[in-house]
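Asker:
Protein chains: 2
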Amino acid sequence: MKTPENQLIQKILGKSSRSNDLKSGLRVGIGDDAALFAPRSGYETILTCDWFLEEIHFLRDRHPADSVGWKCLARAASDIAAMGGTPRCFLLSLAIPNELTGRWLTDFLIGLRRASRRLQCPIAGGDTTRQNRVLINVTVIGDVRRGQALLRSSAKPGDIIYISGRLGEADLGLSALRSARARIRPCLRKHLYPEPRIALGQWLADHRLATAAMDLSDGLSTDLPRLCASSKVGATIDESKLASATVGHDSVPNRNKRLALALNGGDDYELLFTVAPNKTQKIPLAYRALKLTAIGEITRGTGIKLSHPDGKTSPLKAAGWDPFRDP
Amino acid sequence: MKTPENQLIQKILGKSSRSNDLKSGLRVGIGDDAALFAPRSGYETILTCDWFLEEIHFLRDRHPADSVGWKCLARAASDIAAMGGTPRCFLLSLAIPNELTGRWLTDFLIGLRRASRRLQCPIAGGDTTRQNRVLINVTVIGDVRRGQALLRSSAKPGDIIYISGRLGEADLGLSALRSARARIRPCLRKHLYPEPRIALGQWLADHRLATAAMDLSDGLSTDLPRLCASSKVGATIDESKLASATVGHDSVPNRNKRLALALNGGDDYELLFTVAPNKTQKIPLAYRALKLTAIGEITRGTGIKLSHPDGKTSPLKAAGWDPFRDP
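Sequences listed follow chains S and L, in order.
Each residue of the first sequence is one higher than the last, beginning at 1 in my numbering.
Each residue of the second sequence is one higher than the last, beginning at 1001 in my numbering.
(1) Which class does lysine 1291 of chain L belong to by DSSP, given the choice of helix, strand or coil?
(2) Any heavy atom of the ligand FAD closer than 8 Å to the CB of leucine 1008 of chain L?
(3) Report the three-state DSSP secondary structure of alanine 371 of chain S (helix, strand or coil).
(4) So threonine 1048 of chain L contacts chain S; which residues on that side make the cut at Cβ distance below 8 Å?
(5) So what does DSSP say about isoleucine 283 of chain S, is it helix, strand or coil?
(6) Between leucine 1109 of chain L and tyrosine 1193 of chain L, what straight-line distance do the alpha-carbon atoms span, to the nearest angstrom?
(7) In the structure shown, what three-state DSSP assignment does lysine 232 of chain S receive?
(8) Decide if alanine 1286 of chain L is buried, meaning its Cβ has at least 16 other Cβ atoms within 10 Å, or exposed.
(9) Taking only beta-carbon atoms, is isoleucine 141 of chain S less than 9 Å away from chain L?
(10) Is the region 1119 to 1135 of chain L touching the region 1087 to 1094 of chain L, taking contact as three or more C-beta pairs under 8 Å?
(11) With leucine 216 of chain S and aspartate 268 of chain S assumed to form a contact (beta carbons below 8 Å), what rounded beta-carbon distance in angstroms separates them?
(12) Using 8 Å as the Cβ pair cut-off and three pairs as the minimum, do the region 57 to 74 of chain S and the region 156 to 170 of chain S touch?
(13) With the cut-off set at 9 Å, would you say leucine 1013 of chain L and glycine 1031 of chain L are in Cβ contact?
(14) Could you tell me whether any Cβ in chain L is nearer than 9 Å to the Cβ of alanine 213 of chain S?
(15) In chain order, what residues of the same chain lie with their CB nearer than 6 Å to the CB of valine 252 of chain S, ignoring the 5 residues before and after it?
(16) By the 7 Å beta-carbon criterion, what residues does the region 59 to 74 of chain S contribute toward chain L?
(17) Could you check which residue in S:Lys23, S:Phe58 and S:Ile304 has the C-alpha nearest to that of histidine 191 of chain S?
(18) Anything in chain L within Cβ reach of threonine 45 of chain S, meaning under 8 Å, just list it in chain order.
(19) Based on Cα-Cα distance, which residue from S:Thr129, S:Gly142 and S:Ile96 lies nearest to alanine 1038 of chain L?
(20) Here's the rule I'm using: 16 or more other beta-carbon atoms within 10 Å means buried, otherwise exposed. How should asparagine 137 of chain S be labelled?
(21) Please tell me whether asparagine 264 of chain S has its Cβ less than 9 Å away from any Cβ of chain L.
(22) Taking just the CA atoms, how far does threonine 313 of chain S sit from threonine 299 of chain S?
(23) Within 10 angstroms of the Cβ of asparagine 256 of chain S, are there 16 or more other Cβ atoms? Answer buried if so, exposed if not.
(24) In three-state DSSP terms, what is isoleucine 1056 of chain L?
(25) Considering only C-alpha positions, which residue in the set L:Gly1219, L:His1207 and L:Ala1294 is nearest to lysine 1241 of chain L?
(26) By the 10 Å Cβ neighbour count, where 16 or more other Cβ atoms means buried, how is glutamine 1202 of chain L classified, buried or exposed?
(27) Does DSSP put aspartate 1310 of chain L in a helix, in a strand, or in coil?
(28) Might you give, ordered along the chain, the residues of its own chain that have their beta carbon closer than 6 Å to the beta carbon of aspartate 127 of chain S, omitting 5 neighbours on each side?
(29) Name the residue from L:Ile1080, L:Tyr1043 and L:Pro1064 whose alpha carbon lies nearest to the alpha carbon of alanine 1199 of chain L.
(30) Using DSSP with H/G/I as helix, E/B as strand and the rest coil, what is proline 4 of chain S?
(31) For glutamate 1099 of chain L and asparagine 278 of chain S, I'd like the C-alpha separation in whole angstroms.
(32) Any chance the region 1302 to 1310 of chain L sits against the region 1163 to 1177 of chain L, with 3 or more Cβ pairs inside 8 Å?
(33) Taking C-beta to C-beta, are lysine 1291 of chain L and alanine 1260 of chain L nearer than 9 Å?
(34) When you compare each of L:Arg1113, L:Ile1046 and L:Asp1322 to aspartate 1223 of chain L by their alpha carbons, which one comes out closest?
(35) If we cut at 9 Å on Cβ distances, does leucine 167 of chain S have a partner in chain L?
(36) Methionine 1083 of chain L and alanine 1149 of chain L look like a contact to me (Cβ under 8 Å); what is the Cβ gap, rounded to whole Å?
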């Protein structure tokens, strides 16, 4: 039936790969009232959803449409990585202006399908409607072996705090997008096409190496207190160690600016995880070429502190991204 | 940690009922990167999501905030009813203006929690952000015994087509909201607080009575062709029978207007289902006080027809709600 909405759904569906769908446990996908998904025996289901809104999370005149497609799925899948799980399928809710249903939508779907293939996470359904701005909401369904999920609430005093990758790169990439300064161009890719750390999360969960984990979406200074509040603990971050896991001197010569990027830059989708002291020898310097850095320690109490090279400490102020705080 | 976003999340969470959560299979709810849900053995998972947007799906100055809260969950759960399933938990994605985080949000949550309790479907997680208009997306996770889901794709020629309830009531309720005409007031409730037909869907699935089913959200003339396209069949609707399952003569004296409401009125969330001829004697006139009406028959081919009292037929034109069709 060729109603305008049905045609849009057909375009989103494209040439679906039925065999991939079945591998993912998807019995019924787009086209019915809802999707049917066969859970794996011995696994728990992971559920997460994420807004991705024009003017809030991306700019239509700055972000290529294929990056919008990639990133809306990648950032939602990052929550599955943070639980140590495997993405299985996703639902796409898309509201777009009529004039974007041509080329923009085609490019958006190219990026979305690329992320979907990379993550082996096929589309299971969704909802479409019309709006004067692009509104996206993505729900990702994942799974993890029963009892193995990495939670935020189980960090213990004495645990060592790790991060993956280099923090602040995505924030610097956003600056590159806005300013076109050549020396920060390499970070653009991390801003436009972030890679959720699925393999790292699974490895930590499978080997029961992490006591707690979350993904860094709003910035370390905002996200670490969330993990600590959830675990009812405090933390001390070692400024020198953190400085070694941020953008390079060649990109940002000023040390304080590099540190601010590491503390407050959002959109990195790296993992923050804690490891019991007797297991830290099992954490390599890099996992599959992804740098892992110990940056501090979980403490008793509720204070979150930054320890400076001179031995002094100062409270860590949450200055990452918060949509409800006025800039 | 008292960031503005965290405070908002705390308000949404409220006094959660942990025992209800556990009954629903929810192991970890709001507060972690994602929710953890233990699927029931022998069941398949049902996944569905729905937009509910200010100015498209509701008007902030006309729809009470508690109706917005009720309806955003009820209409998403209606897709679970259409599959013959049980709602288990939901994710709420909410974007609201700062000035609505007080009274409006409180009332919204009253309606949402009332629907959540009625449907025994606790909140499992979500995402919040700021926007100048209210944007809502709800994902409902349900389940159904393996192999029992009611699909759209399995109607067969000769099957009898049924609908539950009275079509067009919600559309008439919307007119009441706009005009304040007293005689159509009774339909207002159906527009503001629709009841997803969960029990009916489960009964049809448990007793394997329906060959196919879907819920009526956009209007019979738009939704029936979707079921037929999915099943690769046609249908003939008997105008006289349909006329007996729409709003009453006392609400709308004009017969043609009543018929147009039944064919094209949206938002009813009644079930449309098909029954093999040898099982129709098992379909009562009403299921738990909910009227069930045979309105036509599935046919070979792809035509969707309306048969008139004079014996003539005419093609049924899709004239229900389509967000991408210009009014």
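Glycine residues also receive a C-beta, built at the ideal position from the N, C-alpha and C atoms.
Since the model is a prediction, treat every value here as computed from it, not as a measurement.
Answerer: Let me spell this out:
(1) strand
(2) Of the ligands one can find in the structure shown there are none, so the ligand FAD has no counterpart to examine.
(3) This structure cannot speak to residue 371 of chain S, because chain S is shown only from 1 to 327.
(4) Chain S residues near threonine 1048 of chain L: Asp33, Ala34, Ala35, Leu91 and Gly125.
(5) coil
(6) 14 Å
(7) coil
(8) exposed
(9) yes
(10) yes
(11) 5 Å
(12) no
(13) yes
(14) yes
(15) Arg258
(16) none
(17) S:Phe58
(18) Residues of chain L passing the Cβ test: Leu1036, Phe1037, Ala1038, Pro1039, Thr1045 and Ile1141.
(19) Of the listed residues, the one whose Cα sits closest to alanine 1038 of chain L is S:Gly142.
(20) buried
(21) no
(22) 14 Å
(23) exposed
(24) coil
(25) L:Ala1294
(26) buried
(27) coil
(28) Ser93
(29) L:Ile1080
(30) helix
(31) Their backbone Cα atoms lie some 50 Å apart in a straight line.
(32) no
(33) no
(34) Taking each of L:Arg1113, L:Ile1046 and L:Asp1322 in turn and checking the Cα distance to aspartate 1223 of chain L, the smallest one comes out for L:Asp1322.
(35) no
(36) 5 Å
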